[in-house]
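Report on the structure given below.
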């Protein structure tokens, strides 16, 4: 298969990222990678056209590693995808809920199923990812061990689903970003778009307040603003943000200019179509 028809994801076959790849790019070969760094690298070196990367979950919050990897990468965000998640409790044939003692999965999945884990009195064990945990449980053949993973993983590894849809919240949804090489911005004026960028403010009083002021005065809705430390320093803070609109829109352009003035550095990571799932959020006041 030509490299241009391949998309990478972190995890093993049957992971939720694998499902997202199949739903968005059904004609592409989905290529599993051991780490997020490997998924990024395969696109950067031309071995794949895209990477499907989870960035946040409505229950468990952000996927922290991605915010550190994105600014260091040459890849750009060209799309987003929202995948509603349904977690299944699975084990080998012959196992029952009464034989189970432990449950293994990715830390995010375990966090999204706390109520069921507590109700069943299971000891949670952190695995590298959901699908990998399913594979390990299948290989172990132990009726006391279960995994939390997708239906696809249960099918791939021959496990039986003992409890369906055990996620704590019905709104449990993961947002993915789609990455590729080059700055391939969505065109302006063809529907809602999201602009994602990172920045570091200058070391002056009220720099963040002043930097954010341009978005408020220009009526730009900021849907995400997150901070995290750099290089292990408590004072070296970088911010990651999403706003509604295109950099060519006058309001966004003015807001970004004001941001740049009060920032030590600022980089746009992507300008891409807003996914239709955002319409479910309903009307809300601007975040900034």
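Numbering (full-length UniProt numbering), first residue to last: 1 to 288.
In this text, a Cβ means the ideal position worked out from N, Cα and C, and glycines have one as well.
As the structure is a prediction and not an experimental result, all values here were calculated from the model.
May I ask you to report which of helix, strand or coil DSSP gives residue i?
| i | result |
| --- | --- |
| residue 66 | helix |
| residue 123 | strand |
| residue 272 | strand |
| residue 99 | coil |
| residue 216 | helix |
| residue 261 | helix |
| residue 250 | helix |
| residue 34 | coil |
| residue 292 | Past the boundaries of the shown model lies residue 292; the chain is included only from 1 to 288, so the question cannot be answered. |
| residue 29 | strand |
| residue 17 | helix |
Buried or exposed: residue i, going by 16 or more other Cβ atoms within 10 Å of its Cβ?
| i | result |
| --- | --- |
| residue 257 | exposed |
| residue 72 | exposed |
| residue 64 | exposed |
| residue 4 | exposed |
| residue 242 | buried |
| residue 84 | exposed |
| residue 74 | exposed |
| residue 204 | exposed |
| residue 214 | buried |
| residue 272 | buried |
Tell me, please, which residues DSSP counts as bridged to residue i.
| i | result |
| --- | --- |
| residue 242 | 196, 224 |
| residue 267 | 198 |
| residue 171 | DSSP output for residue 171 lists no bridge partner at all. |
| residue 89 | 148, 163 |
| residue 76 | 180 |
Just the Cα atoms here: how many angstroms apart are residue i and residue j?
| i | j | result |
| --- | --- | --- |
| residue 178 | residue 142 | 37 Å |
| residue 132 | residue 240 | 30 Å |
| residue 182 | residue 228 | 25 Å |
| residue 19 | residue 29 | 12 Å |
| residue 277 | residue 116 | 27 Å |
| residue 162 | residue 136 | 17 Å |
| residue 55 | residue 80 | 10 Å |
For a test of your reading of the model: does the CB of residue i fall under 7 Å from any non-hydrogen atom of the ligand MN? Yes or no.
| i | result |
| --- | --- |
| residue 93 | Questions concerning the ligand MN fall outside what the structure shown contains, since it holds no ligand whatsoever. |
contact_flag[the segment 186-195, the segment 86-98] where n(CB pairs < 8 Å) is 3 or more: no
Sufficient close CB pairs (3 or more, under 8 Å) joining the segment 212-223 to the segment 148-159: no
Given 8 Å, three or more beta-carbon pairs between the segment 42-51 and the segment 166-174: no
Validate contact between the segment 6-13 and the segment 24-35 using beta carbons, cut 8 Å, 3 pairs: yes
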